[in-house]
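Engineer: Reminder that position 175 of the sequence shown reads as 383 in the working numbering, one-by-one numbering, no gaps.
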Amino acid sequence: MAVTPGSFHPEHRFRAPPPSPAVPGRPDHHFRAPPPSPIAHGRRSGIANDQELTQFLQSSLRVPNLALPGRGFPRRKLVRDPPELDFRALESMGPESALGVLDSAARAGCFVVINHGIPGELIRSVLAAGDGVFGIPPEVKAEAARSPEIPWGFEEVDGEEGETHGSEEFVWCNDDPAFIKKMEGFWPMEFSNFREEMEKLLGDVRDISKKILGVLEKNKKNIPSSSSSRRRKAFQEEEGERGGGNVCYLHKQWHIGNNSCSEYDMIRLLIRGCEFPHHLCAHFANGSSSFNVYSKKQWVSFHPRENSIVFTVGDRLQARSGGRYKHVTGRAVFQEEQLDRISMAILYSPLGDEVRDQEKEITSVSFGQQIMVAILLILVYQFLLFILKKI
């Protein structure tokens, strides 16, 4: 069927005209039109988009349900009083018996030592001299206050609302000549007397602590194996560098706080537990109504015997024993009629020479063991000689 020009036919297809021939002398750029844009077949309503956005925001901003602990501080545990050790009887015991008694006591983290041999007059004189340090004027205390650079001196603890401070501490150290010179200028005659009496008491406490620690160090479960000799050597070097820890805490309680104040004091003691690394801490309760012992999980309270010394395990001994002996902290608590008294705590860590002596005692073989080895070698020699004669 013929199609006349200008007429329309359904089968007629339109085609683009062919490209123009290139003009001589001009570059051929081959211009082409961009591809056609896709045509949407339909548009989603704005209501659906708003609903999805709202659901996303609601799911993103939802606060998860957290299972928080019921208490933010250790719980009190009702247990019997800590074990009591008769130091005089302990000295007369054999090594195995003394180790059994001390090991069971130290695993509790706290034990009471009676018949320790320190004169009561010496303890009372040190406490009386230490009580006078809290009578220094406030402006002088401010000059001798503790700081990050100087960890010795005075520190006040806030008490209940409307009170200046609930308790006060004085940290004494005999290894800092600058601090001693400063205190002698603030408190000349009294500080010299306090220092002299404290030196006597410190020597007696070190003798008792050295005896207790020496027995505990003989426990084979606490001795590092031969495979960890490098770690043991590093531990000895660390002990020698840190010194003997001649640090004493004097604590003055000014009033009876409420429960919240006690909880704050508890958490503060736990944080301060490792302020000065030590093996043992000797506490002098000075006739307090109770003595509180704090650990990370719980705390206990008991009434110490008169003229006794409460020992708590330090962080170094816990690390040395591989966690067998638990590190705890303690503090004496006074009633209203006892607020004129102070409590005292002395930290003990062996000196570098004492650490080396204890290691020699641990690694040395006793005379009885040497005899047993000699007898065994003789029997083996006789047996081998008998076999050779038969052959």
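C-beta atoms are modelled at their ideal positions from N, C-alpha and C, and glycine is treated no differently. The structure displayed is predicted, hence computed values, not measured ones.
Any idea what DSSP makes of LEU458, helix, strand or coil?
Structural biologist: Along the sequence shown, read from residue 1 onward, the residue named residue 458 stands at position 250. Strand.
Engineer: By alpha-carbon positions, which one of HIS487, ILE475, GLU483 and THR537 ends up nearest to ASN500?
Structural biologist: Mapped onto the sequence shown, residue 500 falls at position 292. Looking at the Cα atoms, THR537 is the closest of the given residues.
Engineer: With distances taken from CA atoms, which of ARG528, PHE319 and ASP339 is nearest HIS295?
Structural biologist: Counting from one through the sequence shown, the residue named residue 295 turns up at place 87. First, the amino acid is wrong: residue 295 is Phe here, not His. Here the closest residue by C-alpha is PHE319.
Engineer: Under the rule that 16 or more other beta-carbon atoms within 10 Å means buried, what is TYR502, buried or exposed?
Structural biologist: By 1-based counting over the sequence shown, the position of residue 502 is 294. That one is buried.
Engineer: At a cut of 8 Å, does the region 350 to 358 reach the region 317 to 335 through at least three beta carbon pairs?
Structural biologist: The region 350 to 358 vs the region 317 to 335: no contact.
Engineer: Could you tell me which whole beta strand (DSSP E) segments of length 3 or greater appear in the region 483 to 536?
Structural biologist: Counting whole runs of 3 or more residues, the region 483 to 536 contains the beta strand (DSSP E) stretches 488 to 492, 498 to 502, 506 to 510 and 517 to 521.
Engineer: Thinking C-alpha only, which one of GLU425, VAL334 and ILE388 is nearest ALA527?
Structural biologist: In the sequence shown, counting from the first residue as 1, residue 527 sits at position 319. Nearest of GLU425, VAL334 and ILE388 to ALA527, Cα basis: GLU425.
Engineer: Where LEU477 and PRO512 are concerned, what is the direct C-alpha to C-alpha distance, given to the nearest angstrom?
Structural biologist: Taking the first residue of the sequence shown as position 1, residue 477 is located at position 269. Taking the first residue of the sequence shown as position 1, residue 512 is located at position 304. Taking the straight line from one Cα to the other gives about 20 Å.
Engineer: With DSSP as the reference, identify every bridge partner of SER551, one or two as the case may be.
Structural biologist: Here residue 551 refers to the residue found at position 343 when the sequence shown is read from its first residue. In the DSSP output, where bridge partners are listed per residue, SER551 has HIS459.
Engineer: Do you know offhand how far PHE399's Cα is from ALA582's?
Structural biologist: Within the sequence shown, numbered from 1, the residue matching residue 399 stands at position 191. Within the sequence shown, numbered from 1, the residue matching residue 582 stands at position 374. If you take the alpha carbons of PHE399 and ALA582, they lie about 59 Å apart.
Engineer: Assuming contact is defined by CB atoms lying nearer than 7 Å, are CYS456 and TRP395 in contact in what I supplied?
Structural biologist: As a first step, residue 456 is located in the sequence shown; it is residue number 248 there, counting from the start. As a first step, residue 395 is located in the sequence shown; it is residue number 187 there, counting from the start. No, Cβ-Cβ distance for CYS456 and TRP395 is not below 7 Å.
Engineer: For ASP412, which of helix, strand or coil comes out of DSSP?
Structural biologist: Residue mapping note: residue 412 aligns to position 204 of the sequence shown, counting from 1. Looking at ASP412 - three-state DSSP - the assignment turns out to be helix.
Engineer: Name the one or two DSSP bridge partners that GLY538 has.
Structural biologist: Counting from 1 along the sequence shown, the entry for residue 538 is found at position 330. VAL501, per the DSSP bridge assignment.
Engineer: Ignore the nearest five residues each way along the sequence and tell me which others in LYS408's own chain have a CB closer than 7 Å to its CB.
Structural biologist: Locating residue 408 in the sequence shown gives position 200, where the first residue counts as 1. Closer than 7 Å at Cβ, skipping near neighbours: LEU330.
Engineer: Is the closest heavy atom of the ligand MN to the C-beta of SER497 under 6 Å?
Structural biologist: The model on display carries no ligand, and the ligand MN is accordingly not part of it.
Engineer: Please state the DSSP three-state secondary structure of SER355.
Structural biologist: Here residue 355 refers to the residue found at position 147 when the sequence shown is read from its first residue. Coil, per DSSP.
Engineer: Report the CB separation of ARG539 from HIS486 in whole angstroms; it is logged as a contact under 8 Å.
Structural biologist: Sequence index remark: in the sequence shown, residue 539 carries index 331 (1-based). Sequence index remark: in the sequence shown, residue 486 carries index 278 (1-based). Wrong, their Cβ atoms sit about 15 Å apart, outside the cutoff.
Engineer: Excluding five sequence neighbours on each side, which residues of the same chain lie with their C-beta closer than 7 Å to the C-beta of TRP360?
Structural biologist: Residue 360 sits at position 152 when you count from the first residue of the sequence shown. Excluding sequence neighbours, TRP360 sits near ARG354, VAL379, TRP380, CYS381, ASP384 and PHE387.
Engineer: Would you call the CB atoms of GLY338 and ILE550 closer than 7 Å?
Structural biologist: The residue given as residue 338 occupies position 130 in the sequence shown. The residue given as residue 550 occupies position 342 in the sequence shown. It is a contact, given that the beta carbons lie within the stated cut-off.
Engineer: Enumerate in chain order the residues of its own chain whose CB-to-CB distance from ARG564 is below 6 Å, with the five nearest sequence positions on each side excluded.
Structural biologist: Working through the sequence shown from its first residue, we reach residue 564 at position 356. Model confidence at ARG564 stands at a pLDDT of 48, short of 50, so the residue's coordinates are unreliable; what they give is reported in the following sentence. Taken in chain order, the list of residues that qualify is empty.
Engineer: Between the alpha carbons of PHE510 and ASN494, how many angstroms are there, rounded?
Structural biologist: In the sequence shown, residue 510 corresponds to position 302, counting from 1. In the sequence shown, residue 494 corresponds to position 286, counting from 1. For PHE510 and ASN494, the distance between alpha carbons rounds to 14 Å.
Engineer: First and last residue of the beta strand (DSSP E) that includes SER375?
Structural biologist: By one-based count along the sequence shown, residue 375 stands at place 167. 375 to 381 is the span of the beta strand (DSSP E), which, as asked, contains SER375.
Engineer: The beta strand (DSSP E) with VAL321 in it runs from where to where?
Structural biologist: In the sequence shown, counting from the first residue as 1, residue 321 sits at position 113. Start and end: 318 to 322.
Engineer: Taking only three categories from DSSP, how would you classify GLY302?
Structural biologist: For the purposes of this step, residue 302 is taken as residue 94 along the sequence shown, with counting starting at 1. Coil.
Engineer: Excluding the 5 residues flanking ARG315 on each side, which residues of the same chain have their C-beta closer than 8 Å to its C-beta?
Structural biologist: Locating residue 315 in the sequence shown gives position 107, where the first residue counts as 1. These residues qualify, in order along the chain: ARG532, TYR533 and LYS534.
Engineer: Name the residue from PRO291, PHE402 and ILE554 whose alpha carbon lies nearest to the alpha carbon of ASP415.
Structural biologist: Taking the first residue of the sequence shown as 1, we reach residue 415 at position 207. Ranking the options by Cα distance to ASP415, first place goes to ILE554.
Engineer: If you draw a straight line from the alpha carbon of LEU261 to that of PRO242, how long is it in whole angstroms?
Structural biologist: If you number the sequence shown from 1, residue 261 lands on position 53. If you number the sequence shown from 1, residue 242 lands on position 34. Each residue's alpha carbon lies about 35 Å from the other.
Engineer: Could you tell me which residues DSSP puts in a beta bridge with ILE361?
Structural biologist: On the sequence shown, residue 361 is found 153 positions in, with the first residue counted as 1. Checking the sequence shown, residue 361 turns out to be Gly, not Ile. Per DSSP, VAL379.
Engineer: Helix, strand or coil: how does DSSP classify LEU424 here?
Structural biologist: In the sequence shown, counting from the first residue as 1, residue 424 sits at position 216. Three-state result, LEU424: helix.
Engineer: Terminal residues of the continuous alpha helix (DSSP H) containing GLU329?
Structural biologist: Taking the sequence shown and counting its residues from 1, one reaches residue 329 at position 121. Residues 328 to 339.
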